[in-house]
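What follows is a single structure, written as structure tokens, with notes after it.
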Amino acid sequence: MHRTLKTLRELALTVVIALAVFLGVQAWQTRDTPERWQYDGLLTWVQPDGTRGSGTWHDLRAQTGIAPHAPLALHVWATWCSICRAEEGIITTLARDHPVVTLATRSGDAATVQTYLRQRGLPWVAVLDPDGRIAAAHGWRAVPVFSVLASDGTLRHTTVGYTTGWGMRLRLWWAGRV
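For what it's worth, my numbering labels the leading residue of the sequence shown as 876, then goes sequentially.
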């Protein structure tokens, strides 16, 4: 009995330390993420059917049928990112139930991103960030990034690195309640 209790304490301590390290790394990686969306320039995007668009977030929402008041999942990714590839199925599944917009950073022009999405079978709306300017404006130095973009432009629950599907859904749910 004494040995089992000791093992449980050690396990609990290991979990607490791992969680503290994880949260510390997340805090460091998102330290420069602003409270609100910072990019005021025109956005260019490709839609799943190959249609290209340009305009503001409001225009993007209107052209893709995203309700103006709905929080949307923002997934920042790159064609060269292996962790991003591991999340592709999660993002695709999430997009069946929630508004999702992706930001293809440092991944080339519209034709390159559109070809990548088609080859991988990804039905995503992808905002183009060929030089990384949009990601940099938000302090994102690594990919993937997951954030919830509220209709008022507030960025909520931003994480860098792999995010689970249930973690994404929980963040969207929470953002919709606030």
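Each residue gets a CB set at the ideal place from its N, CA and C atoms; glycine is no exception.
Member of the options whose CA lies at the smallest distance from the CA of residue i
{"i": "Gly1014", "options": "Thr1039, Thr879, His877 and Gln913", "result": "Gln913"}
{"i": "Ala953", "options": "Arg995, His973, Gly940 and His933", "result": "Arg995"}
{"i": "Ser1041", "options": "Arg1016, Glu962 and Ala985", "result": "For the record, residue 1041 in the displayed sequence is Trp; it is not Ser. Answer by Cα proximity: Glu962."}
{"i": "Gly940", "options": "Thr968, Gly964 and His973", "result": "His973"}
{"i": "Ala1011", "options": "Gly925, Arg936 and Val951", "result": "Val951"}
{"i": "Gly1051", "options": "Cys956, Leu1030, Gly1036 and Ile958", "result": "Leu1030"}
{"i": "Ile966", "options": "Ser957, Asp924 and Leu997", "result": "Leu997"}
{"i": "Thr931", "options": "Thr1034, Leu917 and Leu992", "result": "Leu917"}
{"i": "Asp1006", "options": "Val1000, Trp999 and Arg1016", "result": "Arg1016"}
Endpoints, the alpha helix (DSSP H) within which residue i is located
{"i": "Arg995", "result": "Ala985 to Arg995"}
{"i": "Arg1016", "result": "Element bounds for Arg1016: n/a, residue is neither H nor E."}
N- and C-terminal bounds of the beta strand (DSSP E) containing residue i
{"i": "Ala1001", "result": "Ala1001 to Asp1004"}
{"i": "Arg1031", "result": "Leu1030 to Val1035"}
{"i": "Ser1022", "result": "Val1020 to Leu1024"}
Assumed close pair residue i, residue j - CB separation to whole angstroms, cut-off 8 Å
{"i": "Arg884", "j": "Leu969", "result": "Not quite, the Cβ-Cβ distance comes to about 37 Å (not below 8 Å), so this is no contact."}
{"i": "Gly1036", "j": "Gln989", "result": "Contact flag wrong, Cβ pair sits at about 26 Å."}
Near the ligand NAP: residue i beta-carbon under 7 Å from a heavy atom
{"i": "Leu947", "result": "The model on display carries no ligand, and the ligand NAP is accordingly not part of it."}
Would you call the segment 942 to 952 and the segment 1011 to 1027 in contact, with 3 or more CB pairs under 8 Å? yes
Cβ contact check for the segment 1005 to 1023 and the segment 978 to 997: 3 or more pairs under 8 Å: Contact holds: three or more Cβ-Cβ distances are below 8 Å.
What ranges does the beta strand (DSSP E) occupy inside the segment 908 to 975, keeping only unbroken runs of at least 3 residues that lie completely in it? 918 to 921, 927 to 930 and 947 to 952
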